[in-house]
Structure formats: structure tokens, C-alpha cells
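In the working numbering, the protein residues as written are -7 to 299.
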């Protein structure tokens, strides 16, 4: 039996469909009831729906109890719930920054606390936290999300250490790169332009399959994205070059040319969209990403050969 927090859209929705398609019982949780019911219907109608805000600890504990009451146990708990905020740190309203961190980091802690309580009682279980490439590198204009995902990665590593006394309890983390989900367009935005996933872009379906794979064969962490390792290497091996390139790249390919007034997006309340939209990146944006990537490879290669 699988609990999915963040199951109403994006990666969580894709994972729910993948688990349901192979016959697993699923419990879907997110803030918005209407979207949860749509996903439950797509799963065949047998899913248990429990509206839950993971930022509220009591609601997460109630979710855990509801799942156990209904199915007797929890075998896998997948947390994909997240919100995002664009804008320079100094331009983000403090309450938007705080709420993003509360949902993305403290919400994961609430989930982990509830899941481990059940797993300890059962003697087994798998917790899968969905992190991000941005838990391994930094980019401008996304300080709240980056802070949350770096913190979540530290939490996951610590929990892995603390559960070594229980070999049948597993703590895993998935680090996706760029994925076509609604998080970019539903994000809080104080950058002036609507966000979009920078190329190369994966599908939510691919990430859902990766989550199912982790459930079947738990591993400490996996990174899924065509350029994840290259970006991480550049961030670590050539920080001055990385820092020089990441700002222009962020402006060119991670923000569209569609303007937006300042908005809190779905950070303070649920959105209603369940799927990613058309990726209108354009030739210029894709070309810019390819050019920057190629430049990074050349620069990194020169660094390696000089060493």
C-alpha cells in the first residue's frame, strides 16, 4: 500500500497512476480535494483521498492514521509535495519565503516523522522523498526552493543513518532535473516573468517510473536528468565559471518572456491544475542552453587536461 503526498499533480500524479496501474492500493493526499478526486478517478476510482496540507503536522499524522485504518499498514510513503517561488531573495515577501520553506522542508519532516512512526511499529517500510537537482546546486531567483531542497537532502541523509538499526526500513531520495509539471507556472513570482522548465526537460511519467523503481529496489538516492551530473560537476569543480554562467542562463531559459505581476501563486493555497502545459521554450532558449552547456564542457575539459 502506497501513500502519496503531493499526489494531485505532476510527479506525484504520475507515480500514483504507475502504482495503481500495477494493482497497488494508493492513498492520495494534497491540499486540493477536486484535483485529488480527478487523480483518484484516473487511478480506477479505488484510491483513498485524504485532503492534507503537509505543512500542518496534525494533518499529516491524521493522514497516516487514516491510511492504516483503511488498509492495515503502509508499505511505501512517497512525498512529492512542493511549492516554488521566483524572485531575488530581497524581493520575496518574507511570508512567501517562509511558507515555501515550511512546505518543502518542514513538510517533508512532518511526512518523515509520521511515516517512520508507522514503519517502526511494522518493522519495515520505504520512505521516498522527492528532492531536486537544486538540492545539489544553487541558482539565482529561487532562494526559498533551493534552501528547502538542500535542507531536505540533509534530512534524508541523516534519516538514512538513523535507520541503519532497522534493515527493512529504507529512506530514499529522488533528485529530478527539469520536469514538465505545473510547479513553474503556479509558483509564487516576484521576478516579473512566468517560469518554465529549462531544457532538457523530462516527463513526469519518467519520474513516476523512477519512484516505482525505488519502491521496488530502495536506494539511498538517485538523480534523474540528462545534464544533472554535468551541472553538479561544474558547480563543484569550477564555481567561478558556474556562477558566471548560471545567472544569464537562468534569465534566458528558466524564465519565459511572458510577464506577470507579483503573485503568491499556489504557495499560500492550492492550485487546480493537474498537468504540465506546452513547453514553449523556443529555438532561442534551447539554443542558449545548448551553447552554455557546450561552453561548460569545454571549460571543464580544459580544467581537467591542465590538471
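Backbone N, C-alpha and C define an ideal beta-carbon position, used for all residues, glycine too. Quick caveat: nothing in here was measured; it's all calculated off a predicted structure.
From this set, the options, which residue's C-alpha is nearest residue i's C-alpha?
| i | options | result |
| --- | --- | --- |
| residue 116 | -7, 251, 250 | -7 |
| residue 249 | 49, 184, 106 | 184 |
| residue 254 | 181, 158, 109 | 181 |
| residue 159 | 145, 106, 135, 118 | 118 |
| residue 80 | 243, 259, 261 | 243 |
| residue -1 | 30, 143, 167, 13 | 30 |
| residue 23 | 156, 221, 75, 68 | 75 |
| residue 339 | 234, 66, 124 | With the chain represented from -7 up to 299, any question about residue 339 goes unanswered, as that position is not in the structure. |
| residue 350 | 252, 73, 232 | The structure shown does not extend to residue 350, since the chain is modelled only from -7 through 299, so no value can be given for it. |
| residue 21 | 164, 40, 140 | 40 |
| residue 224 | 50, 128, 28 | 128 |
| residue 101 | 234, 220, 12, -3 | -3 |
| residue 85 | 140, 135, 195, 97 | 135 |
| residue 307 | 78, 15, 64, 157 | One cannot answer for residue 307 here, as it falls past the ends of the chain, which runs -7 to 299. |
| residue 15 | 123, 204, 258, 262 | 204 |
What did DSSP end up calling residue i once you bin it into helix, strand or coil?
| i | result |
| --- | --- |
| residue 218 | coil |
| residue 376 | This structure gives no information on residue 376, because the portion of the chain shown stretches from -7 to 299. |
| residue 171 | strand |
| residue 0 | coil |
| residue 269 | Low local confidence applies: a pLDDT of 45 at residue 269 is under 50, so the model's placement there is unreliable, with the coordinate-based value given in what follows. Coil at residue 269, not helix or strand. |
| residue 93 | helix |
| residue 125 | helix |
| residue 187 | strand |
| residue 47 | coil |
| residue 23 | coil |
| residue 108 | helix |
| residue 5 | helix |
| residue 278 | The predicted model places residue 278 with a pLDDT of 36, which falls under 50 and marks its position as unreliable, so this point remains unresolved. |
| residue 245 | helix |
| residue 87 | helix |
For residue i, list the residues DSSP reports as bridge partners.
| i | result |
| --- | --- |
| residue 213 | 165 |
| residue 69 | -5, 119 |
| residue 181 | 78, 255 |
| residue 18 | -6 |
| residue 41 | 20 |
| residue 134 | 79 |
| residue 194 | 171 |
Inter-stretch contact at 8 angstroms, needing at least 3 Cβ pairs: the segment 186 to 200 / the segment 86 to 101:
The segment 186 to 200, when compared against the segment 86 to 101, does not touch it at the 8 angstroms Cβ threshold.
* Does the pairing of the segment 194 to 206 with the segment 171 to 181 give three or more beta-carbon distances under 8 angstroms? -> Below 8 angstroms, enough C-beta pairs join the segment 194 to 206 and the segment 171 to 181 to call them touching: three or more.
- prompt: Do the segment 29 to 39 and the segment 74 to 89 touch if we need at least three Cβ pairs shorter than 8 angstroms?
  reply: Contact fails: fewer than three Cβ-Cβ distances are below 8 angstroms.
| Three CB pairs or more closer than 8 angstroms across the segment 98 to 115 and the segment 201 to 211 | Output reads no: the segment 201 to 211 does not touch the segment 98 to 115.
Segment contact, 8 angstroms Cβ cut-off, at least three pairs: the segment 3 to 14 with the segment 43 to 60:
The answer is no - the segment 43 to 60 does not touch the segment 3 to 14, with fewer than three Cβ pairs under 8 angstroms.
query: Is it true that the segment 140 to 160 meets the segment 52 to 65, where meeting means three or more beta-carbon pairs spaced less than 8 angstroms apart?
result: Contact between the segment 140 to 160 and the segment 52 to 65 is absent, with fewer than three C-beta pairs closer than 8 angstroms.
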